[in-house]
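Asks: Numbering (the working numbering) for the sequence shown: 1483 to 1609.
Cβ atoms here follow ideal geometry from the backbone N, Cα and C, with glycine treated the same way.
Values in this document were obtained by computation on a predicted structure and should not be read as measured data.
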Amino acid sequence: MAIPVTVNDTRWHGIEAPLTRFLRTEAIRQLDVSLDSQSADYILSTEIGRVRRRHFVGTVVTASDLQIHWSFQTSTGDKIASGTFSRSLEFLPGQGEDPYSAFDEISASAAESILMEIAASLHREVY
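1. Hey, quick one: how far does the beta strand (DSSP E) through residue 1571 stretch, first residue to last?
2. Would you report the Cα separation of residue 1499 and residue 1582, rounded to the nearest angstrom?
3. Would DSSP call residue 1497 helix, strand or coil?
4. Is residue 1522 helix, strand or coil when you go by DSSP?
5. Alpha carbons only, please: which of 1549, 1548 and 1562 is nearest the one belonging to residue 1603?
6. Distance, Cα to Cα, residue 1551 vs residue 1543?
7. Can you name the start and end residues of the beta strand (DSSP E) that residue 1547 belongs to?
8. Could you say if the stretch 1590-1606 and the stretch 1511-1519 meet the contact criterion of at least three C-beta pairs nearer than 8 Å?
9. In the structure shown, what three-state DSSP assignment does residue 1596 receive?
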């Protein structure tokens, strides 16, 4: 299985690296696969679609929004599954939290959810 680095054309540079790392870790954990970009049977492609940081007036809470588009296909290009993952997470800047820590937490959750969808799709394909 190959999991190339997540495409990130947003101004929030660097958030693609943790997402890619979380996806690769979850693929190994959930699917018990080896990662090989040269002779992969399957390819998981991801792209960051929307990134936002929201400030609420008069509060100490801020929120980060992250949207991830994903596609899982065979090496010949046959699409097995695809989807979009969107999540918002509130954080407290006054307590040392920042948008990047929120994006990391969202990325970990996204990786787990995306790989669960892929596992279900592979199960349906086999049976």
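Replies: For this structure:
1. 1561-1573
2. 12 Å
3. coil
4. The answer is coil: DSSP assigns residue 1522 none of H, G, I, E or B.
5. 1562
6. Between residue 1551 and residue 1543, the C-alpha separation is close to 27 Å.
7. 1544-1556
8. When Cβ pairs closer than 8 Å are counted between the two stretches, the stretch 1590-1606 is seen to touch the stretch 1511-1519, the count reaching three or more.
9. helix
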